[in-house]
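Asks: First residue of the sequence shown: 0, per numbering that gives the first Met the number 0; consecutive thereafter. Cβ coordinates follow ideal geometry from the N, Cα and C atoms, glycine included. Submitted below is the structure of interest, expressed as structure tokens.
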Amino acid sequence: MMLKAKNTEASVHALNNEKELDCTPNQHGNTTNGANEESNYEGTAEELRDNEDMPVSQASRHLDISTDEVSSFTSNVPSTREPRPVQFHNPYPLPQAPPPPRSPEEIIKDNAKPEKDLRTKWTQPKQELQEVLLAAKGSSLARRSNACGALKVLASKKKKQYTLAHTVGLLDSLVFAANESPPSAEADVAVDARTRAVTAIMYLSDPKENRVTVFEHPGLAATLVKVIEDDIGEARLHACSALAMLAKTASNRTGMMKVEGLTKALSAAVRGRCDADGFLHPSILDEVEHNHIKLSSSTKVVSPPRDKHSYNIKNDRKIQYDKFLSLARLNACAALSHLSKYCPVSAELCQNGVVLDNILAVCIEFESPIHTRCIEILCNFTRFQANNSGLSHNNKVVDTLLQAGKSKLSEDRKWAIRAMQNLTSEPSSKVILATSNLLTVLSISAMRKEYDEQHAAVAALMNLATEPGTLRKMRLV
């Protein structure tokens, strides 16, 4: 032990002597002074011997050496820890799994519009208006017709439409006059009263702030349905127009589906009239004229000569009824279009066989001005996922889309190809839809210049390509 202390003390003295003689410049260009650095080492050999086992940081304080210098000495000591494994980046990662499809109930809940609270401030009618309302509900057909005419003139003024719609008793009078069936004795007067009442309802349904109040009025929607089913002229046209305006408000659409016979009446108006066997025809002018002659008080045809050409009132009536029929079909189609865009009622509307058959029949009437809108309605049905399984298994639907996909009009092809795109997204329908006819139509549309049509066709082909069972069929086309 004494030997170890002597050796330590001797080494310290040797170090001090060496530093006293060392005056050479260091690496920084400064000379070192042994006398100055000698004061940096404090402590005797016994203190150094007693502090051999102290921590590095504590030893550095005794020797007045910085911690950085000590750490630089210890950094050369090899570490005993195992090296961290190297993880290479995967250049071809697997794609993320697609999210599971949402349930129809969840989709309907997300897209349903809340019903508006009816807190209407009703206005009491003035004395003159009150007399008109009483006459509209009276038993005299002549006075009723005149009263409905006065209400129609008032309702045509936009500034008064909101006030009239919120006047006590006014809608009741209009519904009563429109709902009354015309007797055979005074058919012309009764038809005029009904037509004027329905026209007034149509005017009041135009402002957006009136639509909920007008539609929620008891018996009004059912009366419009009755007019569409019974009438053959202007009243039928205005009833379809009123329903089209009411269907613009989303909160009314759920209630419209609850009105008995409303969708069937609208679809029948879109296609035309219905005979006793249930088959619908675009025009039945002979039947219309026959019914009008029976209801008319005068059936005599006046044919005065005019420039050696006979003037036939019957032909004028046919032209007039044809015009009314065409406009009624257009307005009924607009009402169904609004309903088909609303997700909560799309499934119920699509499951109605009569409505679907009537829409499909008009889709292939390429000479009709509303056939494009009917193809759009069919495409709207396919936007709701729950409808696609049933539609893709319906041969009439697929055949109609194939004919529309070959149309000369780009608008027809666009809606038809979009409907095919939605149908091919249904997993259970891909093998059924992958026929040579459908693949040919999609291939031709994929090479057209119209971007929307081309995009939908390529997307439909991609949907079919994700099913292994369709790949062999696609190779043969």
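Between the C-alpha atoms of R142 and C332, what's the straight-line distance to the nearest angstrom?
Replies: Approximately 35 Å between the Cα atoms of the pair.
Asks: Could you check where the alpha helix (DSSP H) with P343 kicks off and where it finishes?
Replies: P343 -> alpha helix (DSSP H) spans C342 to C349.
Asks: Is A234 buried or exposed, if buried means 16 or more other CB atoms sit within 10 Å of its CB?
Replies: Its Cβ being crowded by 16 or more others within 10 Å, A234 is buried.
Asks: Please identify the residue among N351, M419 and S102 whose C-alpha is closest to the C-alpha of G260.
Replies: Per the Cα distances, N351.
Asks: Whose C-beta lies closer than 7 Å to the C-beta of A456 among residues of the same chain, with five residues either side of it excluded?
Replies: These residues qualify, in order along the chain: I416, L441, S444 and A445.
Asks: From the DSSP output, read off the bridge partner residues of T122.
Replies: Answer by DSSP bridge pairing, in chain order: T166.
Asks: Below 7 Å, is the gap between the Cβ of V430 and the nearest heavy atom of the ligand FAD?
Replies: The ligand FAD is absent from the structure shown, which contains no ligand whatsoever.
Asks: Give a yes or no on whether the C-beta atoms belonging to S388 and E425 are separated by under 8 Å.
Replies: Contact flag set, yes.
Asks: Can you check which of these residues, S406, L408 and L335, is closest to F380 by C-alpha distance?
Replies: The shortest C-alpha separation from F380 is found at L335.
Asks: Can you list, in chain order, the residues of its chain whose CB lies under 8 Å from that of S250, leaving out five sequence neighbours each side?
Replies: Contacts found: K112, P113, E114, K115 and V211.
Asks: Suppose the cutoff is 7 Å on Cβ atoms and the five residues either side in sequence are ignored; what does the same chain contact list for H27 look like?
Replies: Here H27 scores only 43 on pLDDT, less than 50, and its place in the model is too uncertain to base an answer on.
Asks: Throw me the rounded Cβ distance for the A403 and R328 pair, which I believe falls under 8 Å.
Replies: Not a contact, Cβ separation roughly 18 Å.
Asks: Ordered along the chain, which non-local residues of its own chain (more than five positions away) have a Cβ less than 6 Å from that of C147?
Replies: The residues are A135, A176, A192, R195 and A196.
Asks: Just the C-alpha distance for L236 and R471, rounded to the nearest angstrom, thanks.
Replies: Rounded to whole angstroms, L236 to R471 spans 52 Å at the Cα level.
Asks: Would A246 and H337 qualify as a contact pair, given that the criterion is a beta-carbon distance under 8 Å?
Replies: Going by C-beta atoms, A246 is nearer than 8 Å to H337.
Asks: How big is the Cα-Cα spacing for N89 and P97?
Replies: Approximately 20 Å between the Cα atoms of the pair.
Asks: Could you say which of D398, A385 and L326 lies nearest to P368 if we only look at CA atoms?
Replies: Answer by Cα proximity: L326.
Asks: Could you tell me whether the Cβ atoms of L512 and A433 are closer together than 8 Å?
Replies: Limits of the chain in this structure are 0 at one end and 476 at the other, which puts residue 512 out of reach.
Asks: Buried or exposed: N330, going by 16 or more other Cβ atoms within 10 Å of its Cβ?
Replies: By the 10 Å Cβ count, N330 comes out buried.
Asks: Work out the CA separation of K108 and K395 for me, nearest whole Å.
Replies: Cα to Cα, the separation comes out at about 31 Å.
Asks: Roughly how many whole angstroms lie between the Cα atoms of V226 and N178?
Replies: Roughly 7 Å between the two C-alpha positions.
Asks: Assign L140 to one of three DSSP states: helix, strand, or coil.
Replies: L140: helix per DSSP, three-state reduction.
Asks: Excluding sequence positions up to five away, which residues of its chain have a Cβ less than 7 Å from the Cβ of T198?
Replies: These residues qualify, in order along the chain: K151 and H237.
Asks: Here's the rule: buried if 16 or more other CB atoms are within 10 angstroms of the residue's CB, otherwise exposed. What is E452?
Replies: With 16 or more other Cβ atoms within 10 Å, it is buried.
Asks: Cutting at 7 Å between CB atoms, please list the residues of its own chain near T253, excluding the five before and the five after it.
Replies: If we look at T253 and ignore the five residues flanking it on each side, its Cβ neighbours are P343 and V344.
Asks: List the endpoints of the continuous alpha helix (DSSP H) containing A456.
Replies: It spans Y450 to A464 - the alpha helix (DSSP H) in which A456 sits, taken as one unbroken run.
Asks: Which same chain residues end up closer than 7 Å to T469 when comparing Cβ atoms and leaving out the 5 residues on each side of it in sequence?
Replies: Within the same chain, T469 has close Cβ partners K429, V430, A433 and L463.
Asks: For A478, which residues from the same chain have a beta carbon less than 6 Å from its beta carbon, with the 5 sequence-adjacent residues on both sides left out?
Replies: Outside the shown range of the chain (0 to 476) lies residue 478, about which nothing can therefore be said.
Asks: Spatial neighbours of L256 within its chain, please: CB distance less than 6 Å, with the 5 preceding and 5 following residues excluded, ordered by chain position.
Replies: Before going on, a small fix: residue 256 reads as Met here, not Leu. Only V344 and E347 meet the Cβ criterion.
Asks: From L265 to R372, what distance separates their C-alpha atoms?
Replies: C-alpha separation (whole angstroms): 14 Å.
Asks: Can you tell me where the alpha helix (DSSP H) holding N357 begins and where it ends?
Replies: From DSSP, the alpha helix (DSSP H) with N357 extends over G352 to C362.
Asks: By alpha-carbon positions, which one of P217, R270, Y91 and V213 ends up nearest to E248?
Replies: A quick correction: the sequence has Thr, not Glu, at residue 248. Selected option, being the one with the closest Cα: V213.
Asks: Taking 8 Å as the limit between beta carbons, can you name the residues of its chain near Q160, skipping five residues before and five after?
Replies: Contacts found: A154, Y202, L203, D205, P206 and N209.
Asks: Determine the direct distance from the alpha carbon of I231 to that of E127, and round the result to whole angstroms.
Replies: When rounded, the distance between both Cα atoms is 33 Å.
Asks: So N110 is in the alpha helix (DSSP H); what residue range does that whole segment cover?
Replies: Run containing N110: P103 to N110, per the alpha helix (DSSP H) assignment.
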